[in-house]
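Start counting the sequence shown at 1; every next residue gets the next number (the working numbering). Positions of the beta carbon are idealized from the N, C-alpha and C atoms, including for glycine. Since we're looking at a predicted model, the values are computed, not measured. Here the structure is laid out as structure tokens; the discussion comes afterwards.
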Amino acid sequence: MAINNEFQQNLTMYMETLHPIIYVNHYDFNAIDAAIKSIANGYECYEFNNALGLVNFKTGSRVNSQLAYTHGLNGEENLIKFLDLMVNEGFSTPTILVLKDVHELLHKPSVVAYLRRIAENVLYSEGYECTVFILSNTLEIPREIEDYITILEIPLPSINEIKTQIQEYAQSADSPIDKQTLDEIAISFKGLNECQISQILNLAFFHDGELSRSDTEIILKEKEQFLKKSSMLESIRFKENINDIGGLEELKFWLRRKAEIFKNLDKAIKYGVDVPKGVMIIGMPGCGKSLSAKATADLFKVPLVRLDVGRLLGKYVGESEGNMRRALALAEGISPCVLWIDELEKAFSGIGSIGGASDITTRLFGQFLTWMQEKESPVFIVATANDISNLPPELLRKGRFDELFFVDLPNPAERESIIKIHLQKRKKFNSSIDLAKLASKTEGFNGADIESVVKDAIEISFVEHKTDLTTDDLLKVIHETNSISKTLQEKIKIIKETINKYKIKNASR
Ligand code: ATP
């Protein structure tokens, strides 16, 4: 992997400005070793590796000295022995210590104490020059020394870096790729690191010896796998589009306008248009909020990825924030994309209360807000929520999201259109079906209720060997259905009260 220029520059800058501990959060140790070596002239370099003990940093081989891994001692004892010798010998010449895969040992009190001592000496004792690098794919920072630690992350490759990687690969495989295919294919690799990209390239070339548009499916499937493993973002496949939504005309009109901007972003920005930030869709369960998130991605012609805040929560100090930072960086890496946060009220529940888990959620929430405020990348957020009564008001302020919409239970005209959409989807719509009558009998039903009425009526009609579905078939099922207004009366009342308090725009016309 070629180390990105920005990373190399930051590394040099932090070394020269005596940042005592630099935590490099990445998987590719070889590439980071190369980057450190390139600035290590004139430094003594020692490496501690949790598997091998002391390793010669310049050659990578195990060192057989008193510092070498001592059998019988565990990883913690060996690390302490290593740090103890380093500290006691002092650092009269500029020194680099590279610690690999030690994240699980970082919380041990004696390790914390040694690292603190080194950091304090670097900062306050003249002539004491040492930089500690911690290399790990997992970010775990002990609270006691967090102020001494600088986190360095390697940004995911930009679209131009991806193109260069593909071109170089294609050339080495003796199968050059034309510019148009390259432009079309490169975008599907966004959000992946160099190592993941080369694994997918191996697979695509293995299939038919070249990279073509037909490989897009393979790329997307593999990418889903990688995202799944990272367990922070989930890539969502869907078939729905904006025409599958019955009603919600105001929301659809607004989304179409944003899509126009999103699809012509360069031109729009030059014209003076702001990059669309996102939309919050609040309201009744089963009324098309998730459907709208999918339709947005389809309309914008970009991938849909879901952020599950609950999965970001970690057990160590700083771990959750680290996960959030990586998830958001990943979304930026995948961009342009739609980032969907489902059930926002659950994701950030407990904010503002004191202690334990809610402290973490509050910090994550603050981090998310700052990112939203500052983000310039084309990540369009669709946040969906039922009940916003416990959400912090600052989230609902204009300027965070471009707009907030309230999705109510469908009105009669909307119910007509939802019934028709679901009948047509199953090829069971015919002109004798009285949509107006069905709509009048489904007062208080949500979209999901209506869909289930249509499904059940079609199923019954099939079992009864009928050729065509009739209005009466549907009415019978409607009669037997307990709509959401009956089953969730109390919840609906609360949602309505909150919405009225905030005066949120209605998604329906
Ligand atoms: P929840 O708050 O429970 O997550 P939701 O608002 O996200 O609900 P959806 O998942 O979008 O609800 O809708 C559930 C099902 O109901 C969908 O599969 C969809 O087919 C149907 N549905 C809901 N609203 C509509 C609508 N306006 N038009 C067409 N179908 C709809």
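Any idea what DSSP makes of residue 136, helix, strand or coil? strand
Classify residue 382 as helix, strand or coil using the three-state DSSP reduction. strand
Endpoints, alpha helix (DSSP H) assigned at residue 37: 29-38
Measuring straight from C-alpha to C-alpha, what distance separates residue 115 and residue 122? 11 Å
If contact is defined by three or more beta carbon pairs under 8 Å, each pair taking one atom from either stretch, is the region 256-272 in contact with the region 207-219? no
So, with DSSP's three-state summary, where would you put residue 47? strand
From the DSSP secondary-structure annotation, give me the bridge partner or partners of residue 62. 55
What residue range does the alpha helix (DSSP H) around residue 177 cover? Element bounds for residue 177: n/a, residue is neither H nor E.
Cβ neighbour criterion (16 or more within 10 Å) applied to residue 479: exposed
Please report the straight-line C-alpha distance between residue 359 and residue 312, rounded to a whole angstrom. 14 Å
Would you say residue 370 touches the ligand ATP, meaning its beta carbon is less than 7 Å from a heavy atom? no
Going by beta-carbon coordinates alone, are residue 344 and residue 383 separated by less than 8 Å? yes
Whole-number beta carbon distance between residue 119 and residue 148, since they are thought to touch under 8 Å: 4 Å
Nearest to residue 128 by alpha carbon, out of 19, 168 and 464? 19
Let me know the secondary structure DSSP gives residue 283 once reduced to three states. strand
Exposed or buried, what is residue 131 when buried is set at 16 or more other beta-carbons lying within 10 Å of its beta-carbon? buried
Let me make sure I understand the geometry here. Which of 322, 253 and 30 has the alpha-carbon closest to that of residue 195? 30
Given residue 379, which residues of its chain have a CB within under 7 Å of its CB, disregarding the five upstream and five downstream residues? 331, 332, 335, 337 and 339
Give the secondary structure of residue 306 by DSSP, where H, G and I count as helix, E and B as strand, and everything else as coil. strand
Bridge partner(s) assigned by DSSP for residue 25: 136 and 153
Assign residue 505 to one of three DSSP states: helix, strand, or coil. strand
Can you say whether residue 13 is buried or exposed, counting buried as having 16 or more other CB atoms within 10 angstroms of its CB? exposed
Let me make sure I understand the geometry here. Which of 323, 377, 182 and 389 has the alpha-carbon closest to that of residue 361? 323
How many Å lie between residue 290 and residue 342 at the Cα? 8 Å
Proximity test, residue 597 beta-carbon vs the ligand ATP heavy atom, cut-off 7 Å: Residue 597 lies beyond the stretch modelled for the chain, which goes from 1 to 509, so this question has no answer here.
Return the first residue and the last residue of the alpha helix (DSSP H) that residue 476 is part of. 471-480
How about residue 503: is its Cβ closer than 7 Å to a heavy atom in the ligand ATP? no
Give me the Cα-Cα distance between residue 172 and residue 281, rounded to the nearest whole angstrom. 49 Å
Quick one: using the 10 Å Cβ neighbour count with 16 as the cut-off for buried, is residue 376 buried or exposed? exposed
Taking 7 Å as the cut-off, is the CB of residue 412 close to at least one heavy atom of the ligand GDP? Ligands in the displayed structure: the ligand ATP; the ligand GDP is not one of them.
Which runs of the alpha helix (DSSP H), 4 residues or longer, sit entirely within the region 383-423? 393-396
Do residue 21 and residue 138 count as a contact pair if the criterion is CB distance below 8 Å? no
The ligand ATP and residue 482: does the residue's C-beta get closer than 7 Å to at least one heavy atom of that ligand? no
Range of the contiguous beta strand (DSSP E) that encloses residue 235: 233-236
Is residue 448 near the ligand ATP, going by C-beta to nearest heavy atom under 7 Å? yes
Please report the distance separating the alpha-carbon of residue 487 from that of residue 475. 20 Å
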